[in-house]
Structures are given as structure tokens and as C-alpha cells.
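Take a look at the structure below.
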Amino acid sequence: MTTASRVFLGQGVLGVLLAFVGACRLAAAEIAVADPSRPLPVVVWAPAEDRVCRQLAEVLARRLGARTGGRVPSLQAESPGSSPASAGGVVVRLGPPPVSGPRLGLWQGSSPGAGGLGDLGPGGYAVVPARDGGGVCVFLAAADHRGQAAAVGGFLRHLDFRDGGAWMSDEARIDRIDPAVVMQVQQYKPAQWGNPFKDAPIELMREYVEELALWGSDSFWNLCCYMIDNPFAPGADAASVAAWERVRDLFLYAHALGLGIGLVDCPNSVYDDQLHLRKLGGSFVYREDVCPSIPEVRKVLLENRENLYRAARDAGIDLKYLLHFAHDNGGCGCDACQPWIMTYLGLTEELHRLARRYHPEVKVFLTTWMLSAAEKRMMLEFVERERPEWLAGVMDRPGVRLPEGLLSSGWQTIMTYGTDRVYGRMGADPMPAYLHGKVKGFLDQGIRAIFTYSEGIYDDINTAAIAQIARHPRDFDAVAFLAEYARAYFGTDAAASARLADLIATEFTAVPYAHSAHVGVRRPQVVMAALQEIEAGLPAWGRESWRYGILKAKVDLECLSERAGSLDWWLPGVTASLAAAAQPGAAGGGREAVGAAARRLREVTAEFAACRQRVDAVTRHLYLELYQTPNRHPVHGSFALTLPWAALVAELTQRCEALSTEADAGRFGEGLAALRRRLPPVLEADRTVAVPPNLALRRPAAASSVYDPRFAPGKAVDGEAIVVYTSSENAWASKEGQPGPSWWQVDLGEPQAVREVRVWYR
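Using my numbering, the first residue of the sequence shown is number 5, and each one after it goes up by one.
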């Protein structure tokens, strides 16, 4: 058995090796962790001297109580020689396996205890139930805090909550981690631009930070403070102080849960009430940047950071890392700052000296984000030449090889966004299989850390997935993970969890774009019908959760987008009416049939309006009730429904109405022929249509060159062709100036998948 194997061990003997399938409860006897019919005491127990275990115990007790009718377990702290009192009930014991005391024999009597758990690996854990007379002790054992948090998360996610109680399998579950492939997960959640990290209720964000730890993340990173006045100035305004206190409190809570803390900074940026410093000199791209080569300005930059480092220390936060951006924000183009990368590195070193006064163990990460090739080369040559003791590593995409002792971290955006960089406008964007491929790519490069970036809670599935992928980057099972997620957050039973996991895995598409991927839904109507069936069996708490809400909103908006862009539901009927009008002997000389076409087209216009109203309603629900972010920035703007046929339908309606009253037979016939030529061609049975050159070719994406197996996704190879999608707001094409055959690089569009392609040949 390899150290990476995840197995279920029977009590007393080694069980059959099974794949770790997450959400599905094994066919084994159950243990009542909380049984409303037998209200025995439940105790959650943690070592007195371990602050992280005590905090995790509080999380476990609170969550268990919330799901079992408010019966919150009692908390007990272990001290030398003490024993948690269970009175025949249930003890859930956190911490390393016992080495002495009354629980030692119980642990040693369990099969995992007898065999030892020295090979759990970094972040590994064991959930071991052991019967103790009339009661039960459940050991949540781990070798480190990352594993302890993952043990609590795994224990909670695998509980079967039903009828006001909670039950677990009586078989042990061991999650061993292979130290040769395990990866660090650095979760960056910047509080900016009115996103949930900045504006959502703090209770929601605390729960979100808990989940980062419970899924197995290593560290939590945030940006402070951006687009506010100086919160440390005498008489600072309340809004700026509140912005800092929010970041501080989330850092403090993440620190209490055992997560490392990373402070992200743009070292030559200032607060809004200090922007007058820009007038002293310098050349900038971003509004917050100032020139660090001017002594007066540099003094302010250092004072700002020292205030921040001191305030974090005074709050009880240990900063583990600083991440400094050279660009976005950052940069100064004046002569004194050239070359900018060397100025940036000098400022970073000076800031690190300041930070160490308050956080002696803090280290710095550099990033190559938005560096030119020359700047990147200069930075890496500096690292190789100087090997500064203050440096932890470099974040890059793809990762870079660094001198021994430095950590190369792969930057991975885990959210989807469109060509206009609007975040979160369509709800959930699950892409666990896509992210697994990206992480394996980093692993193959020798990278052992992933730095994730997102702008909202809509990528919650991806946030959880990448933490799990990093634990087992070779053998992550996306479908099993999705089933576990569904059961934990939606309350689905095993069958519904498996069905929903399969739906997401097969119907949600992730097409690479820029630093991430576009996420669409292949058949949104099919997915919506399945969701409605599954939803009928959900408990109220699952049906009403924001996580389920953003998933359903995504599918709802995809359905509306598909209907707005489709021809199939209205064009055949209109075409048939106009064809009937052209038949000899048609009623009223064909005018009645034309009138019927006009009435149908008016219904289509009304349907377009209804789609737009529904989009507005779903969007309001998404931002105000699910994200809970009423003050969003334009980069978090609403989804704009594209109605590609609206103008044509309006034109056809007007022409049909006019033609239906045309008394002259000759003019009626000419008008009808012209009207029929104006209709888009109806697709043939094989879903393609042959047309001469220089005319529009309409066909679905599955039959188009976009998906031609001879070429990489995203390339349309039809000579020199302009490819335009039904959803024109998300479509663009750019001629690639590479040698060889002429082809067009095509953005496949977000938020919806490509369903129809029109090609105009030159």
C-alpha cells in the first residue's frame, strides 16, 4: 500500500482497499453521533495547550449543533492526567493520538492505533471511531494543523444528518498524503471592488474562511488596504477604519484556524488621501502609485507599511508571508526608478526589514505577474545571484525553477470571466476537472505550491476542489469530489449526490481562456429539469443555501441565454406561415397566413422581453441575496442578455403587419417573396447547410471548425474567415501572425457555450 492510498480500515482487521468516494456512506454499521431519540451527552475535546485544535473543536461543535436542532456539544480541554467525561455518550477527540492517559488503551485497541499512524504524511489524517463500553470515542488524529483541520472537515462532510440527528460509519477513514507530490495551497481572496470579500456580511466570510481550512488549504491571503483613506491616521474616517478592521478580523480568524497569513501589497501604492504625492514626480499606470525614489514619498510608503505590520502584530496575527506586486498595481516610469524591477526589489527588501520588527519569521514572495520578458529575466537573475535570505519564493505561471530552498509557486486563476473581465455575473463556475489538469501540469514541472486567485464566492466549488486536488494531485476524482460537495452543502442523499456530480462533470464545460477558462452549460434545459427534480428532495437548509442558489442561478441564466439566441422555437413556425401564404388558393390571398406570422412574431418579441425581465430578477437575487454585495464595482457588473435576433424579429414583424393589409396582389407577391428571402435559413436535418462562398454559413458549434478535431480548441480554420457567435457581446476574433496556414484565434465566449457559428468568407 502506498502512502498516497486512501483506505477505509475495519475495526480490528485491515479492510478491503476502497476508493475514497466522499459523499457515499459505506454499507457498514452506523454510530449515532447525535441521536434525538437518545439524548446522550456529546463532548468535543481538544488539547488545552493547542489553540488551533481548540478553535477547530469550537467550529465542529457549533456546526454539529446547527444541524441537530441546536443541541450544541459541550467543549472540554485536556490537561495532563485529565479525561473527557462522556457519561456513556460520544466523545469527539481532536489532536495527536494519545501517548498516555485513560484514552491510550482505547486508541491502541483500534486497528489504526495498533498499526500506528506515523505515515499519515503532511496534512494527512485519520477518523477512527472506537467503542468505549456504552459510549463511543471518535479520534480525529493528525500530525499537523493542516491535517487536523482537514480531519474536522472530512468528519463533518461524511456525517449523515437526518431526522434531527447525525450518524457516521463505524469504519475508520484514513487519508494518507504522499509527501513527494503533495502541494501547498495558497488561497488569495482580495477584498476589493465591492466583491463579497469586501462587502458581504462578516458572518458569511468567517464561514467561508472556515471552509478554506476544512478542505485542506495552507494559507489565506488578502489585500490591504486598497482604495481607502489611511485607516491609521489620526481622525481616520469610519469607512476606512472598518475596511482595515474587516481584513484584520478575517486574518485573525484564519490564523486561529491554523492557516498561514499572507499580506498582498503593491509596495509603491498609497492610500486615497495621499494621492497628492503623485504631483511630486513620477510616471504611473495606476491611480494609487507614487514614486519611491522621492525621499518624501518613500518615507510615507514605509510609514504606511510599518503601521500595518504593527497593527497586525498587536491584533495577534503572525504574518507568514508578504507578496509584493511590481505591476497591477505598481510601477514608476521615471528615470530615477529605472530599471523599475531593481527599484522594486530594493523597496521590497527595505519593507521586509520593517516587517521583521513585528513578525520575525515573515518571508517575501515575488511575482512575475505582468512583467515584461526583460523584467522577468532581471528578477530571476537577481534571485539566482543574490539568493536573499528574506525571500520565500516566486509566483509565476507557469512555475519557474529557483535555487534550492526557495519555493516556486504556480499562479492559477480559479474563477471564470469574459473578454470584458466582468466577474461573477452568472453565478457558479465549477471546473474541478479542468483545475486538476492545471495542477498536474504544475506538478510535472516540479512545482509544489499553487497560488489561487479569485474575485468572489461564485467559484466556491473550485476553491474547495483545488485544496483537495493539492492533497492528491495524481489521483483526484472530480466526480467523487462533486458528490461529496453536494452532500455536504445541499443535503442530497447518496443517489442524488451522484446524479448531481455527474451532471456538473458532464454538462458544465470549461474552455481555456487567458489565465483561466470559460464555464458554460452544454444543455442548460436538461440540467435545469434535473435540478428541479433533485431540489424536491433537498432539506430546507440545502435548498436555501447560497451555494445551491448560485449553482441554480448559473443554469437559469444559461437557459435564458440559450432561448434568446435560438431559432428553433420560433423560426420554423414563421417560415411555415409565410410558405402557406405563398400557396395558390391561400385564405385571403395569403394575407391571413402573413397575419398569423405577424402575431407569432409579436409573441416572440414578448418572449424576448420576458427573458430580459427574468435575467434582471435572477441577477438581483444573485447579487443582493446570494453574494450579498449591493455596492459592486463595474467589474462585478450584471450579465447582459444578448438578443441576436431581436432586430430582425422587429423588422419582420413590421413587414408582416404591413404586408397583411396589402390589397394589390402583385405588390403582395413581391413583398412576400422578399420577406421570405429575409428569413434565416432553417437548418437541415444533419444540422448543417451548404451555401455558396461569401454568404453566411450557420451551423452549431459541434459541427463547426471551432471543434474540428484536427485543430486545437479555439481555432477556426476556414482560410481567412471571420467567426461570429450568436452571443455577439462575447465574440471576437483576431488574426494570428504566425507562419503556416492562415487561421483565426477565436474566443469561445462567456458566459454561455458556443451553440451557433456564422462564418462570412472573404
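All C-beta atoms in this analysis are idealised placements derived from N, C-alpha and C, irrespective of residue type, glycine included.
Please report the Cβ distance between residue i and residue j, rounded to the nearest whole angstrom; I am assuming they are in contact, meaning their Cβ atoms lie under 8 Å.
i, j, result
"leucine 582", "alanine 601", "6 Å"
"valine 398", "serine 412", "6 Å"
"histidine 328", "proline 407", "So it is not a contact: roughly 19 Å between Cβ atoms."
"alanine 38", "alanine 170", "4 Å"
"leucine 439", "isoleucine 461", "Incorrect: roughly 17 Å between the Cβ atoms, too far for contact."
"glycine 546", "phenylalanine 494", "4 Å"
"alanine 258", "valine 294", "With 8 Å as the limit, alanine 258 and valine 294 do not qualify as a contact, their Cβ atoms being about 30 Å apart."
"arginine 606", "tryptophan 574", "Between tryptophan 574 and arginine 606 the Cβ distance is about 11 Å, and since that is not below 8 Å, they are no contact."
"valine 268", "glutamate 292", "Contact flag wrong, Cβ pair sits at about 14 Å."
"glycine 414", "phenylalanine 455", "7 Å"
Quick one: grab the DSSP three-state call for residue i.
i, result
"glycine 157", "helix"
"glycine 767", "The chain is shown from 5 up to 766; residue 767 falls before or after that span and cannot be answered."
"serine 642", "coil"
"tryptophan 111", "helix"
"tyrosine 313", "helix"
"isoleucine 726", "Because isoleucine 726 carries a pLDDT of 36, less than 50, the predicted location of this residue cannot be relied on, and the following value inherits that uncertainty. Reduced to three states, the DSSP call for isoleucine 726 is strand."
"alanine 521", "strand"
"lysine 193", "coil"
"phenylalanine 672", "helix"
"tyrosine 552", "helix"
"isoleucine 232", "coil"
"glutamate 34", "strand"
"asparagine 308", "helix"
"tryptophan 545", "helix"
"valine 344", "The question names valine, but residue 344 is tryptophan in the sequence shown. Of the three classes helix, strand and coil, the one that applies to tryptophan 344 here is helix, per DSSP."
"histidine 328", "strand"
"leucine 647", "coil"
"arginine 527", "coil"
"tyrosine 810", "Since the first residue shown for the chain is 5 and the last is 766, residue 810 is missing from the structure and cannot be characterised."
"proline 40", "coil"
"valine 96", "strand"
"leucine 683", "coil"
"leucine 371", "It is threonine, not leucine, that sits at residue 371 in the sequence shown. Correct three-state label for threonine 371: strand."
"alanine 50", "strand"
"glycine 26", "Below a pLDDT of 50, predicted positions are generally treated as unreliable, and glycine 26, at 34, falls in that range; no measurement from the model is reported."
Suppose you measure from the CA of residue i to the CA of residue j; what does that come to, to the nearest Å?
i, j, result
"alanine 610", "lysine 283", "55 Å"
"alanine 568", "serine 41", "53 Å"
"serine 221", "glycine 337", "38 Å"
"leucine 312", "leucine 218", "28 Å"
"lysine 380", "glutamate 388", "12 Å"
"glycine 541", "alanine 243", "44 Å"
"proline 434", "aspartate 463", "7 Å"
"alanine 453", "glycine 128", "17 Å"
"isoleucine 473", "glycine 524", "22 Å"
"proline 296", "threonine 347", "8 Å"
"serine 104", "serine 173", "27 Å"
"aspartate 276", "histidine 331", "18 Å"
"valine 515", "asparagine 466", "15 Å"
"valine 245", "alanine 498", "47 Å"
"tyrosine 325", "histidine 363", "10 Å"
"alanine 492", "isoleucine 470", "17 Å"
"glutamate 539", "valine 63", "28 Å"
"aspartate 233", "alanine 134", "56 Å"
"leucine 561", "methionine 430", "7 Å"
"serine 570", "arginine 527", "13 Å"
"aspartate 123", "alanine 614", "60 Å"
"valine 95", "aspartate 54", "18 Å"
"threonine 633", "proline 106", "51 Å"
"arginine 309", "threonine 371", "19 Å"
"arginine 29", "arginine 503", "With a pLDDT of 36 at arginine 29, under the threshold of 50, the modelled position of this residue cannot be trusted; read the value that follows with caution. Those two C-alpha atoms are separated by around 15 Å."
"leucine 160", "alanine 153", "11 Å"
- Could you give the uninterrupted runs of the alpha helix (DSSP H) lying entirely in the segment 452-506, keeping only those of 4 residues or more? You should have 464-475, 482-494.
- Between the segment 259-267 and the segment 146-162, do at least 3 Cβ pairs fall closer than 8 Å? Verdict: yes, contact present.
- Decide yes or no for the touch test of the segment 468-484 against the segment 394-408: beta carbon pairs closer than 8 Å, at least 3 of them. The answer is no - the segment 394-408 does not touch the segment 468-484, with fewer than three Cβ pairs under 8 Å.
- Task: Starting from the N-terminal side, write out each stretch of the beta strand (DSSP E) that is 3 residues or longer and does not extend beyond the segment 241-293.
- Result: Runs found: 264-269.
- Query: For the 8 Å Cβ check, are there 3 or more pairs between the segment 659-678 and the segment 631-648?
  - Reply: Cβ pair count under 8 Å is below three, so no.
- Query: Whole alpha helix (DSSP H) runs in the segment 123-191 with 4 or more residues, listed along the chain?
  - Reply: Within the segment 123-191, the complete alpha helix (DSSP H) segments at least 4 residues long are 149-161, listed from N- to C-terminus.
- Item | At least three beta-carbon pairs within less than 8 Å, the segment 339-351 to the segment 192-212 | The segment 339-351 makes no contact with the segment 192-212: fewer than 3 CB pairs, one atom from each, lie closer than 8 Å.
- Any contact of the segment 303-322 with the segment 245-253, i.e. 3+ C-beta pairs under 8 Å? With the cut-off at 8 Å, the segment 303-322 and the segment 245-253 touch.
- Task: Could you tell me which uninterrupted beta strand (DSSP E) segments, each at least 3 residues in length, are contained entirely in the segment 375-419, listed from first to last along the chain?
- Result: Taking only runs of at least 3 residues, the beta strand (DSSP E) segments lying wholly in the segment 375-419 are 395-400, 411-417.
- Hey, is the segment 224-234 in contact with the segment 190-199, meaning 3+ C-beta pairs nearer than 8 Å? With a cut-off of 8 Å, the segment 190-199 and the segment 224-234 count as touching, because enough Cβ pairs lie within range.
- Write down every uninterrupted run of the alpha helix (DSSP H) in the segment 557-588 whose length is 4 residues or greater and which is fully enclosed by it, in chain order. As summarised for the segment 557-588, the continuous alpha helix (DSSP H) elements at least 4 residues long and confined to that stretch are 575-585, given in chain order.
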